[in-house]
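Asker: For the protein sequence lines, the chains are W and Y, in the order given. Oh and the first sequence: position 143 is 1370 in the working numbering, straight run, nothing missing. Oh and the second sequence: position 35 is 1262 in the working numbering, straight run, nothing missing. Beta carbons are placed, not taken as given, at the ideal position from N, Cα and C, and that holds for glycine. Here the structure is a predicted model, which is why all the values come from computation and not from measurement.
Number of protein chains: 2
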Amino acid sequence: MPRGSCRARPLVVAAFTNEEGVRFAPDMMGSLVHAGGLGLAEALASIGTDGTVLGEELRRIGYASSMAPGTIRPAAYLELHVEQGPVLERDGAAIGAVEDLQGISWQRLRIEGRANHAGTTPMALRRDAGHAAARIVTGLRALATGGTAATVGSLRLEPDAINVISGAAVLTVDLRDPDEGRLAAAEAALAGLVAEVAAEEGVAITTERLARFQPVRFDPALVARIEQAAAKRGLPVRRMTSGAGHDAQMLARICPSAMIFVPSRDGISHNPAEYTAPEALVAGAEVLLDVVRGLLDADQGPG
Amino acid sequence: MPRGSCRARPLVVAAFTNEEGVRFAPDMMGSLVHAGGLGLAEALASIGTDGTVLGEELRRIGYASSMAPGTIRPAAYLELHVEQGPVLERDGAAIGAVEDLQGISWQRLRIEGRANHAGTTPMALRRDAGHAAARIVTGLRALATGGTAATVGSLRLEPDAINVISGAAVLTVDLRDPDEGRLAAAEAALAGLVAEVAAEEGVAITTERLARFQPVRFDPALVARIEQAAAKRGLPVRRMTSGAGHDAQMLARICPSAMIFVPSRDGISHNPAEYTAPEALVAGAEVLLDVVRGLLDADQGPG
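1) Just the C-alpha distance for ALA1507/Y and LEU1398/W, rounded to the nearest angstrom, thanks.
2) Which residues does DSSP pair with GLY1323/W in a beta bridge?
3) DSSP three-state call for GLY1340/Y: helix, strand or coil?
4) Does the beta-carbon of GLY1346/Y have 16 or more other beta-carbons within 10 angstroms, so that it is buried, or is it exposed?
5) For ALA1395/W, does the three-state DSSP call read helix, strand or coil?
6) Which ranges does the alpha helix (DSSP H) cover as unbroken runs of at least 4 residues, wholly within the segment 1229-1312 of chain Y, from first to last along the chain?
7) For chain W, check one thing: does any of its Cβ atoms lie closer than 8 Å to the Cβ of THR1347/Y?
8) Quick one: is TYR1304/Y buried, meaning 16 or more other Cβ sit within 10 Å of its Cβ, or exposed?
9) Who are the near neighbours of ARG1230/Y in its chain, counting only those whose CB is closer than 8 Å to its CB and skipping five residues on each side?
10) How would you label ALA1299/W, buried or exposed, when you count the other beta carbons within 10 angstroms and need 16 or more for buried?
11) Among the residues of its own chain, which have a CB less than 8 Å from the CB of GLY1297/Y, if the five just before and after it don't count?
12) Out of curiosity, what's the CA-to-CA distance linking ARG1335/Y and ALA1396/Y?
13) Mind listing which residues of the segment 1370-1394 of chain Y have their C-beta closer than 7 Å to chain W's C-betas, in chain order?
14) Buried or exposed, going by whether 16 or more other CB atoms sit within 10 Å of the CB of GLN1441/Y?
15) Taking the beta carbon of GLY1528/Y as the centre, do at least 16 other beta carbons fall within 10 Å, making it buried, or is it exposed?
16) Quick check on this structure: which residue in GLY1278/Y, ALA1302/Y, ASP1474/Y and SER1332/Y has the alpha carbon closest to the alpha carbon of PRO1405/Y?
17) Applying a beta-carbon distance threshold of less than 7 Å, which residues of chain W neighbour GLN1311/Y?
18) Report yes or no: is there a C-beta of chain Y within less than 8 Å of the C-beta of ASN1498/W?
19) Where does GLY1357/W sit, in a helix, a strand or coil, going by DSSP?
20) With a threshold of 8 Å between beta carbons, is ALA1582/W in contact with chain Y?
21) Give, in chain order, every residue of the segment 1301-1327 of chain W whose Cβ lies closer than 9 Å to some Cβ of chain Y.
22) If I follow the unbroken beta strand (DSSP E) through ARG1383/W, where does it start and stop?
23) For GLU1283/Y and GLY1289/W, I'd like the C-alpha separation in whole angstroms.
24) What are the residues of the segment 1395-1415 of chain Y that lie near chain W, defined by any Cβ-Cβ distance shorter than 7 Å?
25) Counting Cβ pairs, one atom from each stretch, are 3 or more of them under 8 Å apart for the segment 1486-1493 of chain Y and the segment 1423-1431 of chain Y?
26) Look up LEU1542/Y in the DSSP assignment and give the residues it is bridged to.
27) Which residue wins for smallest C-alpha separation from GLU1385/W, given the options ASP1355/W, PRO1505/W, LEU1238/W and ARG1250/W?
28) Ends of the alpha helix (DSSP H) at ALA1512/W?
29) Label ASP1318/Y either buried or exposed according to how many other C-beta atoms from any shown protein chain fall within 10 Å of its C-beta, with 16 as the threshold for buried.
30) What's the gap between the Cα of SER1469/Y and the Cα of PRO1499/W?
31) Secondary structure at ASP1404/Y, three-state DSSP: helix, strand or coil?
32) Step through the CB atoms of chain Y and report whether any lies within less than 8 Å of the CB of LEU1336/W.
33) When you compare the CB positions of SER1273/W and LEU1281/W, do they come within less than 8 Å of one another, or not?
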């Protein structure tokens, strides 16, 4: 609705399919498809960790839609989110004006060794896929320097029995860095580590890329508006980088985008103990509302 | 049946419950209970990896028996088995006269860290249970020296998701050594490693003992009979240590016991590729028969 001199714009609240990406890769899939970064057919053909097909699952649960991706092109995209990290709490800030977002590299490694008896196979003759996997996990820490974060969140052994040397291991590697050069260097270092471990342990290692997103810089004018709106309400605010991936990074491909963070207690998320105080959530929502109002007021179109 | 001057003895072929021990610990459970090394009630109360109770499962599948453990006390116990290792094949021997058997130590470690977001949690603030587990796996190799074998066959992360730092990890450790002093030293070294990793990674680690058997020396007279029987048939024979645990080590508590090994191709076992040639199996069975006949012939009792 028109209000004073400002131009009215339709407000759209969107819930994108598969932001988390745990079952179907890549993560932030819905917003990526909407922004044209991934074809619809390719996304719908994605195979889940349980062997299911995304398109079939969306039809099954009634979430499949007929609207063509990219139909709605926003004038601006704002995303309010809990920080999921310790920075705001540590600095006593109520609002984070997110100016950029880390690049993300997800890979799945499959290691093929030779299953054998734990009691009868001499240590020197083993091709232990589990031991090779552990060497990659510990070796990754040496790569996680100067701002790179490295995580092995999933690791499974086969046959996973107490008295059997592992014949195979599957693990995931999550690398993140706000700097594209460092992220690419970490990926290259991982490839070197994988080759070294494969040669020394007598195992074969195959690498599959699950997701790869370059770091994103949000719209500077929007970030400044968030900062100003928080200051106007007397809320301590700081500019920051998002460690997590968010749909905003995909929408940034097609419109000015930015994010507002509110504090996460103890920096904990992806854990049942995740908590943000109600008043912190309200503060974030008020800043969001203020920024949206400011954008409408700034519109100088004929209405 | 009496034959010539020898005394007749009943021949018993036994199949002991739960020799492998993958679902219910400890392994070699049936023979251990029969030999008096573990109480029947305690064994039947064993909880499986799937949460089931052994006694209930035995009743369910019709394998529960009313015969008191130890009812049958053999005059001698002989076990024919594939080697499951590479020694006989490497040495061109057809028969192994097994004179001793490694001690076995099985432990389960549970590591409690803190689940958190892989992108937002600084490397220095992590309490990554999966990383701690990998450090134990790689550190174990340094303990596996001078005859000790060390294996982590099972390792599971929680929640096991690509973008979540592991809040918990559960792994098993299988330590074996033919020398009790070295085995105990390896256990002590593992405890030191666990304490070091717990302190440095900020995680809590609890250790549960699943099985512990000292090395066993088989009956020297029986071992000599096996050696002689093989030689009499012109079969290349060598004395050796069993790397695997076997029911014979439990029966050795209550009667003269020994084992006959036949070669495993490529030393592979606990793997679908496990293979022993039919003629090698026949050779082992013939040596077994010869030794049993010899024992009966040696009996000087009144019959």
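Answerer: Per the coordinate set shown:
1) 40 Å
2) ARG1465/W and PHE1488/W
3) coil
4) Answer is buried; the Cβ neighbour count reaches 16.
5) strand
6) 1256-1261, 1267-1271 and 1281-1287
7) Contact with chain W is found for THR1347/Y, since one of that chain's Cβ atoms lies less than 8 Å from the residue's Cβ.
8) The residue is buried, with at least 16 neighbouring Cβ atoms inside 10 Å.
9) Note that ARG1230/Y has pLDDT 41, beneath the 50 cutoff, so the model's placement of it is unreliable and the number below is only indicative. Cβ within range, chain order: LEU1523.
10) For the record, residue 1299/W in the displayed sequence is Ile; it is not Ala. Classified as exposed, ILE1299/W has fewer than 16 neighbouring CB atoms from the shown chains inside 10 Å of its CB.
11) HIS1261, ALA1262, GLY1263 and ILE1481
12) 11 Å
13) ALA1371, ALA1376, THR1378, VAL1379, GLY1380, SER1381, LEU1382, LEU1384, ASP1387, ALA1388, ILE1389, ASN1390, VAL1391, ILE1392, SER1393 and GLY1394
14) exposed
15) For GLY1528/Y, the predicted model reports a pLDDT of 44, less than 50, meaning its position is unreliable and no value from the coordinates is stated.
16) SER1332/Y
17) HIS1344 and THR1347
18) yes
19) helix
20) This structure cannot speak to residue 1582/W, because chain W is shown only from 1228 to 1530.
21) GLU1310, GLN1311, GLY1312, PRO1313 and VAL1314
22) 1382-1385
23) 43 Å
24) THR1399, ASP1401 and ARG1403
25) no
26) Missing from the structure shown is residue 1542/Y; chain Y here goes from 1228 to 1530 and no further.
27) In terms of CA proximity to GLU1385/W, ASP1355/W leads the group ASP1355/W, PRO1505/W, LEU1238/W and ARG1250/W.
28) For ALA1512/W, the uninterrupted alpha helix (DSSP H) run begins and ends at 1505-1525, by DSSP.
29) exposed
30) 48 Å
31) strand
32) no
33) yes
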